[in-house]
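Numbering (the UniProt record's numbering), first residue to last: 1 to 408. These notes concern the structure reproduced below.
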């Protein structure tokens, strides 16, 4: 049955941080092996990952995502990208000469809490820089979403709650100038505020302050689309999401109530899940409850892999009760069903051992603790077992849903 239905298995990884230094062989600033992006993408192809969405996390990393998609996109490995500033990187809107990237926190919550918009002209220029990047790539078919934007209250050592809230809303305002572009959203331990901000844009609201002079951009956009922001007679700008705008809260790790709150925002609200979405029993309950037709899947590589210590690990086995989960390999116990074209799962070595392998061996070798898009079948397997559905049904439905949100 599997081989007859294996054509139904194909994956779309909506969260791949290909700009991360790990794919250049750099870990905490130290070079351990040569860049291996092409091998990573070839392994993804073997695992039937046909499309990948490269995450923009800062202005610089968004620019890098554009360049990587242009360089490595192919019919067999379709690379698309998002443009936006992650909540952990929003300090770049207020700090000049900062290297604001997802791997470079200040590690100083008190410093972050003191930050404010001291130079409105500088902040306006940074928001314009981001808007210009979006505008200049608006006709690029590889530009598929605005993001990664949102809130992260677990990581105030990157940026403060105040700055995160401010620039989540400012980026959502900019997004309204591209009314049909989907969103790629981040939510961590902040559901009430996250939902409140999004609900403002779903319902529509008037902004009389226009702190960073978005009126210029609204006037520039004109009336080319019926759902663009509008300048009212009193000078306030009215923002509201287009009724066709779709948005995905990726890497979901909230509670079942959080899940319902996010999904209730709109029929166009979707959930993205990866290995970090399945760590605990509560996480697994969310995976069980999320409607399959509202679910997208991802690796969030190089992070968020599925580990033996996670509650999800047992779901990689058809019958976990028959195995020693601390020692047994799930490959021959059901996991291989997700990978019809791979006879044996890839080898894995520590990062300092990769370059000691032959070129042929490196093609089939991953780096321990560094996630890759080729692990998409692991994520889909957990969902299939939790929902008690065939892997083919999960893969096919999620593929169709993802294409409906971010395009094929």
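Virtual Cβ for every residue (Gly too), placed ideally from N, Cα, C.
Residues bridged to residue i (per DSSP)
i: residue 151; result: 187
i: residue 436; result: No answer is possible for residue 436: it lies beyond the span of the chain, which begins at 1 and ends at 408.
i: residue 49; result: 11
i: residue 37; result: The partner list for residue 37 (beta bridge, DSSP) is empty, contrary to what the question assumes.
i: residue 365; result: 347
i: residue 81; result: 54, 143
i: residue 288; result: In DSSP, residue 288 forms no bridge with anything.
i: residue 31; result: 26
Where the alpha helix (DSSP H) through residue i begins and ends
i: residue 132; result: 120–136
i: residue 114; result: 109–114
i: residue 263; result: 256–263
i: residue 357; result: Per DSSP, residue 357 belongs to no alpha helix (DSSP H) and is neither H nor E.
For residue i, the three-state DSSP class (helix, strand or coil)
i: residue 20; result: coil
i: residue 1; result: Low local confidence applies: a pLDDT of 41 at residue 1 is under 50, so the model's placement there is unreliable, and no value is given.
i: residue 331; result: helix
i: residue 164; result: helix
i: residue 59; result: helix
i: residue 238; result: strand
i: residue 405; result: helix
i: residue 144; result: strand
i: residue 68; result: helix
i: residue 301; result: strand
i: residue 228; result: coil
i: residue 372; result: coil
i: residue 315; result: helix
i: residue 390; result: coil
i: residue 323; result: coil
i: residue 86; result: coil
i: residue 397; result: helix
i: residue 156; result: coil
i: residue 277; result: helix
i: residue 96; result: coil
i: residue 43; result: helix
i: residue 381; result: helix
i: residue 91; result: helix
i: residue 266; result: coil
i: residue 103; result: coil
i: residue 337; result: helix
Pair within 8 Å by beta-carbon distance, residue i and residue j
i: residue 397; j: residue 292; result: yes
i: residue 146; j: residue 178; result: yes
i: residue 272; j: residue 248; result: yes
i: residue 62; j: residue 133; result: yes
i: residue 304; j: residue 371; result: yes
i: residue 380; j: residue 17; result: no
i: residue 23; j: residue 40; result: yes
i: residue 14; j: residue 296; result: yes
i: residue 201; j: residue 174; result: no
i: residue 246; j: residue 270; result: yes
i: residue 33; j: residue 57; result: no
i: residue 188; j: residue 210; result: no
i: residue 90; j: residue 163; result: yes
i: residue 77; j: residue 45; result: yes
i: residue 167; j: residue 109; result: no
i: residue 212; j: residue 123; result: yes
i: residue 409; j: residue 333; result: Past the edges of the chain, shown from 1 to 408, lies residue 409, and the structure says nothing about it.
i: residue 229; j: residue 238; result: yes
i: residue 342; j: residue 47; result: yes
i: residue 208; j: residue 236; result: yes
i: residue 97; j: residue 20; result: no
i: residue 277; j: residue 317; result: no
i: residue 72; j: residue 79; result: yes
Heavy atom of the ligand SAM within 7 Å of residue i beta-carbon
i: residue 170; result: Judged by which ligands are present, the structure shown has none, so any question about the ligand SAM falls away.
At 3 residues or longer, what runs of the beta strand (DSSP E) sit wholly inside the segment 170–226? Runs of the beta strand (DSSP E) inside the segment 170–226: 183–188, 205–207.
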